[in-house]
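Enquirer:
Number of protein chains: 2
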Amino acid sequence: MAQGPTITTIAKRAGVSIASVSRVLNGLPTRQDTVSKVMAAAEELGYVRNAVARSLKSSRTHQVAFAMADVGNPAYLAMLREIQPVLKAAGYRLVLHSTGADVADEIGVLHSLGERYVDGLIMVPLRVTDAHLRMLAAARAPVVVIGSVPEGTPVDNVRADSRTGVRLALDHLHALGRRRVGLVNGPPDTVPGAARGAGYVEALAALGLPYDKELVEIGDFYRADGRRAVAALLDRRPDIDALMCANDLIALGALDVLRAAGRRVPQDVAVVGMDDTDLAAASWPSLTSVSLGSAERGRAAAELLLDRLEDGDVAPRLVTVPPRLEVRASTAGEQAPPAGDADRPGADGAGA
Amino acid sequence: MAQGPTITTIAKRAGVSIASVSRVLNGLPTRQDTVSKVMAAAEELGYVRNAVARSLKSSRTHQVAFAMADVGNPAYLAMLREIQPVLKAAGYRLVLHSTGADVADEIGVLHSLGERYVDGLIMVPLRVTDAHLRMLAAARAPVVVIGSVPEGTPVDNVRADSRTGVRLALDHLHALGRRRVGLVNGPPDTVPGAARGAGYVEALAALGLPYDKELVEIGDFYRADGRRAVAALLDRRPDIDALMCANDLIALGALDVLRAAGRRVPQDVAVVGMDDTDLAAASWPSLTSVSLGSAERGRAAAELLLDRLEDGDVAPRLVTVPPRLEVRASTAGEQAPPAGDADRPGADGAGA
DNA sequence: CCCCACACGGTAAACGTTTACAGAAGCAGG
DNA sequence: CCTGCTTCTGTAAACGTTTACCGTGTGGGG
Chain H
0 MAQGPTITTI AKRAGVSIAS VSRVLNGLPT RQDTVSKVMA AAEELGYVRN
50 AVARSLKSSR THQVAFAMAD VGNPAYLAML REIQPVLKAA GYRLVLHSTG
100 ADVADEIGVL HSLGERYVDG LIMVPLRVTD AHLRMLAAAR APVVVIGSVP
150 EGTPVDNVRA DSRTGVRLAL DHLHALGRRR VGLVNGPPDT VPGAARGAGY
200 VEALAALGLP YDKELVEIGD FYRADGRRAV AALLDRRPDI DALMCANDLI
250 ALGALDVLRA AGRRVPQDVA VVGMDDTDLA AASWPSLTSV SLGSAERGRA
300 AAELLLDRLE DGDVAPRLVT VPPRLEVRAS TAGEQAPPAG DADRPGADGA
350 GA
Chain E
0 MAQGPTITTI AKRAGVSIAS VSRVLNGLPT RQDTVSKVMA AAEELGYVRN
50 AVARSLKSSR THQVAFAMAD VGNPAYLAML REIQPVLKAA GYRLVLHSTG
100 ADVADEIGVL HSLGERYVDG LIMVPLRVTD AHLRMLAAAR APVVVIGSVP
150 EGTPVDNVRA DSRTGVRLAL DHLHALGRRR VGLVNGPPDT VPGAARGAGY
200 VEALAALGLP YDKELVEIGD FYRADGRRAV AALLDRRPDI DALMCANDLI
250 ALGALDVLRA AGRRVPQDVA VVGMDDTDLA AASWPSLTSV SLGSAERGRA
300 AAELLLDRLE DGDVAPRLVT VPPRLEVRAS TAGEQAPPAG DADRPGADGA
350 GA
């Protein structure tokens with residue numbers, strides 16, 4: 000941990016000026032024997048370029064920040080997993096901000112762009128407040144927002160389309176002959192809750208089915224909420240034949256309750272989740288789920304940002320990622336074990 | 000994105016020297032009216048301190064790196080989720096390196112410490128090679144290794160204890176009256192594979208059970224491997240009454256095959272997983288699993304690193320985190336739906 | 001043989017901070 | 001009114017790079 004060698008150390012040892020050292024290290028045209036002397040000295044000293052000094056001079060940090068509420072959330076995680084390699088390939092490091100559902104903290108991240116410790120930011124705001132919009136307009140570095148941002152906001156924007164996602168699911172259920180499809184939604188004052196609710200209404204209309212508010216139940220986005228909501232629903236409408244759940248955890252809760260009530264899935268009640276997380280493939284029966292393309296959104300955001308870092312002068316762009324329905328046993332189901340399907344690393348690489 | 004104001008801009012506007020500005024901004028004793036002038040100017044200009052310049056001068060970046068093979072891996076993710084808030088509370092940013100199981104890449108991360116873009120590193124190596132040890136000895140910043148490192152390596156070290164973990168599981172199964180316990184292990188040339196194999200042998204001996212190599216099957220750490228392995232095992236030893244699986248994915252594979260074969264879990268065959276991931280609580284029946292304390296290891300590592308960053312002169316320390324058995328339906332089981340249990344956020348916070 | 005062009009390398013400034021040092025100003029005491 | 005002390009502030013150097021600019025030395029052409 001001793002004080003590392005600098006360009007000056009090398010210059011002394013090689014008997015040249017620091018300018019020459021810098022030129023050699025940057026591959027600028029230099030006489031051959033100078034090159035050799037410098038390289039030799041650098042080698043012997045184990046020189047490594049100081050990134051901080053370099054950043055100060057060049058005002059490029061080669062770092063990009065990614066800010067979201069919680070890395071533990073599978074949707075954000077899926078984004079992260081795509082963003083990381085894209086940035087890495089382009090020579091950027093990734094700084095992670097978990098803001099923990101705290102709006103003030105999100106604003107803080109935006110503010111901290113002024114510290115210039117990153118070249119750009121990808122952020123997934125929980126909610127877009129006026130404060131967000133003001134900070135986005137004044138941001139000191141390029142920002143890409145995943146989620147919806149009003150037209151005219153000077154940032155690149157990547158969106159999912161959960162309305163259409165719900166629509167896909169309802170079309171699928173309708174095609175399977177289901178006519179009494181319940182909705183187990185999250186809070187309607189959240190962005191996803193609102194969009195999913197709207198998608199449900201829309202889809203019913205498109206299919207010519209009546210909207211029956213007894214078929215809708217609201218809770219939070221967790222498994223226990225799903226259980227509560229579905230219990231209530233079954234109680235109220237025992238003839239229900241399908242459930243559209245606003246995320247996979249809610250759907251797992253639904254499976255718990257249906258099993259306890261002796262309803263077969265999918266024969267008696269078909270169940271669809273949303274987000275297509277790992278849990279969907281792991282559950283029994285495996286869960287049909289609407290993928291909102293988190294991975295694709297992450298990748299798109301990273302690419303937009305890289306583009307802008309290369310050439311900041313393009314107009315703000317909008318990318319919308321289409322949803323996709325992953326059909327599994329909970330709707331389609333022969334009850335066979337899942338095929339050699341989306342298996343994912345889960346080994347503990349650590350341990351002793 | 001205009002060129003932001005610097006300390007010099009403020010100095011001009013306030014009619015003082017840059018030294019005074021710096022002093023005010025750092026809260027050093029200063030005459031009151033100077034303070035007001037500087038604060039006013041800083042306010043008006045929307046000044047934000049440049050982190051890069053600051054780092055250069057102070058040789059502190061207030062960044063820490065975390066390097067592991069893959070963020071998607073639940074064990075690493077659990078670590079990350081603990082590390083992040085600890086660092087954040089201490090005023091450090093988190094730089095994430097996903098090395099993708101590439102040893103050269105891990106070495107690269109160690110090497111890049113010389114660039115001094117972080118103050119320290121927490122790393123989870125897949126395997127500890129000689130190259131690792133050399134780089135660790137020469138590291139230009141404090142490193143904490145999660146995993147096992149030979150005695151004498153000059154780094155802080157946090158370990159799990161999967162041998163004891165296997166032991167806990169086998170004790171539990173034995174107490175339930177199971178006597179023909181199979182092992183579905185990962186590759187024995189990996190650190191976790193080896194440790195788990197050793198734990199199995201040890202535990203059998205301690206329980207006075209014979210070691211029967213027909214009861215052991217090896218595959219990789221994925222669900223499909225688990226299915227293959229368990230199919231072979233059932234074929235060879237139809238009288239098997241319990242399965243110790245080297246991770247949760249393997250265990251899910253085991254459940255698939257047992258279900259298909261008409262064996263009831265846990266009545267006919269009890270199943271234990273390892274790592275206690277989200278999947279364990281999500282599966283049906285829910286999975287008894289050995290937690291190796293990933294979260295605790297992450298937290299411990301972060302705390303060790305912070306300690307060392309405060310005062311680099313303490314001797315290298317070793318922390319071993321004990322395993323814990325999470326008993327669920329796959330061994331203990333009434334087949335009731337899981338209680339209002341470890342439900343975790345899974346809502347999509349984005350989308351629209 | 002001289003001059004010019006050119007390639008190369010060195011000096012110094014700059015990036016935006018922090019901080020050692022010294023000078024200025026204010027004040028109390030003699 | 002001077003001395004000496006304290007308190008504050010300004011000047012300048014430093015962190016480790018990159019790079020504009022200029023001087024030197026070489027080789028070739030006239």
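Chain order of the listed sequences is H and E.
Counted from 1, the first sequence has number 33 at position 34 by numbering that gives the first Met the number 0; the numbering is strictly sequential.
Counted from 1, the second sequence has number 157 at position 158 by numbering that gives the first Met the number 0; the numbering is strictly sequential.
All residues carry an ideal CB built from backbone N, CA and C; glycine is no exception.
Bear in mind that the values here come from a model prediction, so they are computed numbers and not experimental data.
1. Looking at C-alpha atoms only, which residue of H/L203, H/E150 and H/A194 is the closest neighbour of H/A174?
2. Of all the options H/A253, H/P321 and H/G207, which has the alpha carbon lying nearest to the alpha carbon of H/D224?
3. Can you list, in chain order, the residues of the region 82–114 of chain E whose Cβ is nearer than 9 Å to any Cβ on chain H?
4. For H/L167, count neighbouring Cβ atoms within 10 angstroms of its own Cβ and tell me buried if that reaches 16, exposed if not.
5. To which residues of the same chain is H/V256 closer than 6 Å at the C-beta, ignoring the five residues directly before and after it?
6. Spell out whether any CB of chain E is found under 8 Å from the CB atom of H/D234.
7. Is the CB-CB distance between E/R327 and E/S290 below 8 Å?
8. For H/E325, which residues in the same chain have their Cβ closer than 6 Å to its Cβ, ignoring the five residues on either side in sequence?
9. Taking the alpha carbon of E/L172 as the reference point, which residue from E/L208, E/V142, E/P141 and E/F220 has its own alpha carbon closest?
10. Runs of 3 residues minimum, wholly inside the region 237–277 of chain E: which ones carry the beta strand (DSSP E) assignment?
11. Kindly indicate which three-state DSSP category E/S290 falls into: helix, strand or coil?
12. Can you check the region 132–158 of chain E for any beta strand (DSSP E) of at least 3 residues that lies completely inside it and give the ranges in chain order?
13. For E/L376 and chain H, any beta-carbon pair shorter than 8 Å?
14. Start and end of the alpha helix (DSSP H) containing H/G196?
15. Helix, strand or coil: how does DSSP classify E/T319 here?
16. Mind checking the region 264–278 of chain H against chain E and listing, in chain order, the residues whose C-beta falls within less than 9 Å of any C-beta there?
17. Looking only at its chain, what residues have a beta carbon closer than 7 Å to the beta carbon of H/R22, apart from the 5 residues adjacent to it on each side?
18. Between E/A10 and E/S97, what straight-line distance do the alpha-carbon atoms span, to the nearest angstrom?
19. Taking buried to mean at least 16 other C-beta atoms within 10 Å of its own C-beta, is E/Q62 buried or exposed?
20. For the region 37–71 of chain H, which residues have a beta carbon sitting closer than 9 Å to at least one beta carbon of chain E?
21. Taking only beta-carbon positions, decide if E/S282 is within less than 8 Å of chain H.
22. Just the C-alpha distance for E/G272 and E/A245, rounded to the nearest angstrom, thanks.
23. Taking E/V47 and E/S19 to be in contact with their CB atoms under 8 Å, please state how far apart those CB atoms are, rounded to whole angstroms.
24. Tell me where the alpha helix (DSSP H) around H/A68 begins and ends.
25. Within 8 Å of any Cβ in chain E, is that where the Cβ of H/G3 sits?
26. Rounded to whole angstroms, what's the CA-CA distance from H/L76 to E/D32? Just pull it up for me.
27. Let me make sure I understand the geometry here. Which of H/L55, H/T5, H/M67 and H/F65 has the alpha-carbon closest to that of H/E43?
28. On the DSSP bridge assignment, give the partners of E/E325 in chain order.
29. Could you say which of E/G99, E/K87, E/T128 and E/L120 lies nearest to H/R80 if we only look at CA atoms?
30. Establish whether the CB of H/R139 and some CB of chain E are separated by less than 8 Å.
31. Where are the alpha helix (DSSP H) runs, 4 residues long or more, that stay fully inside the region 69–125 of chain H, in chain order?
32. How is E/G181 classed by DSSP in three states: helix, strand or coil?
33. Please classify E/Y116 as buried or exposed, where buried requires at least 16 other C-beta atoms within 10 Å of its C-beta.
34. How would you label E/M0, buried or exposed, when you count the other beta carbons within 10 angstroms and need 16 or more for buried?
35. Is the region 83–96 of chain H close to the region 138–152 of chain E, with three or more CB pairs under 8 Å?
36. When burial is assigned at 16 or more other CB atoms within 10 Å of the CB, is H/G26 buried or exposed?
Expert: Based on what the coordinates show:
1. Of the listed residues, the one whose Cα sits closest to H/A174 is H/L203.
2. H/A253
3. Q83, P84, K87, R92, L93, V94, L95, H96, S97, G99, A100, H110, S111, L112, G113 and E114
4. buried
5. So the qualifying residues of the chain are R226, V229 and A230.
6. no
7. no
8. Here the set comprises D275, S288 and S290.
9. E/L208
10. Those beta strand (DSSP E) runs which fall completely within the region 237–277 of chain E and span 3+ residues are 241–244 and 269–273.
11. strand
12. Along the length of the region 132–158 of chain E, whole beta strand (DSSP E) runs at least 3 residues long occupy 142–145 and 155–158, reported in chain order.
13. Nothing about residue 376 of chain E can be reported from this structure: the residues present for chain E run from 0 to 351 only.
14. V190 to L206
15. In the three-state reduction of the DSSP assignment, E/T319 falls in the strand class, which pools E and B.
16. M273, D274, T276, D277 and L278
17. Within the same chain, H/R22 has close Cβ partners T29.
18. 43 Å
19. buried
20. G45, Y46, V47, R48, N49, A50, V51, A52, R53, S54, L55, S58, T60, H61, Q62, A64, F65, M67, A68, D69, V70 and G71
21. yes
22. 6 Å
23. Going by Cβ atoms, the distance from E/V47 to E/S19 rounds to 19 Å, so no, they are not a contact pair.
24. Counting along the chain, H/A68 falls outside any alpha helix (DSSP H), and DSSP gives it neither H nor E.
25. At a cut-off of 8 Å between C-beta atoms, H/G3 counts as an interface residue with respect to chain E.
26. 50 Å
27. Nearest option by C-alpha distance: H/T5.
28. E/S288
29. E/G99
30. It does; some Cβ of chain E falls within 8 Å.
31. For the region 69–125 of chain H, the full-length alpha helix (DSSP H) segments reaching 4 residues or more read 73–88 and 102–111 along the chain.
32. In this structure, E/G181 counts as strand in the three-state DSSP scheme.
33. buried
34. Residue placement at E/M0 is flagged as unreliable, the pLDDT there being 48, under the threshold of 50; the coordinate-derived value follows with that caveat. Classified as exposed, E/M0 has fewer than 16 neighbouring CB atoms from the shown chains inside 10 Å of its CB.
35. no
36. With fewer than 16 other Cβ atoms within 10 Å, it is exposed.
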